[in-house]
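For the sequence shown, the tail end lands on 1239 under the numbering used here, and the numbers increase by one without skipping.
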Amino acid sequence: MIQRIQSLYLLLVILFSSALVYLFLQPENESILASIYWLDLIFYTIPLLSFVCVFLYGKRKVQVVVCLVLILFNLIPVIICGLKVYNGSSDMILYIVIGISLLESILLLLARRAILKDEKLVRSIDRIR
1111 MIQRIQSLYL LLVILFSSAL VYLFLQPENE SILASIYWLD LIFYTIPLLS FVCVFLYGKR
1171 KVQVVVCLVL ILFNLIPVII CGLKVYNGSS DMILYIVIGI SLLESILLLL ARRAILKDEK
1231 LVRSIDRIR
């Protein structure tokens, strides 16, 4: 499980998303981010789904779908916070949310690619038998 590179990518996503949850729970940042209800829900589901995705190593097809859902969940805060920044808000926490969410999306894309590579390898071995 942990020896696979996609598990390492997913553990990094868990670490970064947990850091975002910690930032969200800070009183000075809560007033800025609380105006967006969806961010509250998404900040809590991303670490949970990432944790579940790590333990789906036996079901690679389901793991690929969960990674795709996580990528979409990570793009929602980027879009919402990006629109707030575009409209003139200069809060540093919005830039941090955008940066960490983009980094998580990149890590999830790498994990998804590695999972698909494993699936392709398993199918080629099955074909040889």
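Here a beta-carbon is modelled for each residue, glycine too, at the ideal position from N, C-alpha and C.
From a predicted model like this one, the values you see are computed outputs, not experimental measurements.
In angstroms with no decimal places, state the Cα-to-Cα distance between residue i and residue j.
{"i": "Ile1238", "j": "Tyr1119", "result": "30 Å"}
{"i": "Tyr1205", "j": "Ile1186", "result": "14 Å"}
{"i": "Ile1210", "j": "Ser1160", "result": "15 Å"}
{"i": "Ile1174", "j": "Ile1225", "result": "The question names Ile, yet the displayed sequence has Val at residue 1174. Near 7 Å, if we compare the C-alpha coordinates of Ile1225 and Val1174."}
{"i": "Ala1221", "j": "Leu1135", "result": "28 Å"}
{"i": "Leu1193", "j": "Ser1234", "result": "45 Å"}
{"i": "Asn1139", "j": "Leu1219", "result": "28 Å"}
{"i": "Val1207", "j": "Arg1223", "result": "24 Å"}
{"i": "Ser1127", "j": "Ser1117", "result": "15 Å"}
{"i": "Leu1166", "j": "Val1172", "result": "7 Å"}
{"i": "Cys1191", "j": "Val1162", "result": "26 Å"}
{"i": "Leu1182", "j": "Asp1236", "result": "32 Å"}
{"i": "Tyr1132", "j": "Leu1122", "result": "15 Å"}
{"i": "Asp1201", "j": "Asn1184", "result": "20 Å"}
{"i": "Val1188", "j": "Pro1157", "result": "16 Å"}
{"i": "Pro1137", "j": "Val1232", "result": "48 Å"}
{"i": "Arg1114", "j": "Asn1197", "result": "42 Å"}
{"i": "Glu1214", "j": "Gly1168", "result": "23 Å"}
{"i": "Leu1212", "j": "Val1179", "result": "15 Å"}
{"i": "Ile1203", "j": "Phe1153", "result": "14 Å"}
Since residue i is in the alpha helix (DSSP H), which residue starts that stretch and which ends it?
{"i": "Tyr1167", "result": "Careful: Tyr1167 lies outside any alpha helix (DSSP H) and carries neither H nor E."}
{"i": "Arg1114", "result": "Note, Arg1114: premise wrong, no alpha helix (DSSP H); not H, not E."}
What's the call for residue i, buried or exposed, on a 16-neighbour Cβ count within 10 Å?
{"i": "Lys1230", "result": "exposed"}
{"i": "Ser1199", "result": "exposed"}
{"i": "Leu1217", "result": "buried"}
{"i": "Leu1130", "result": "buried"}
{"i": "Leu1125", "result": "exposed"}
{"i": "Leu1151", "result": "exposed"}
query = Curious, which full-length alpha helix (DSSP H) runs of at least 4 residues does the segment 1159 to 1213 contain?
reply = 1170 to 1196
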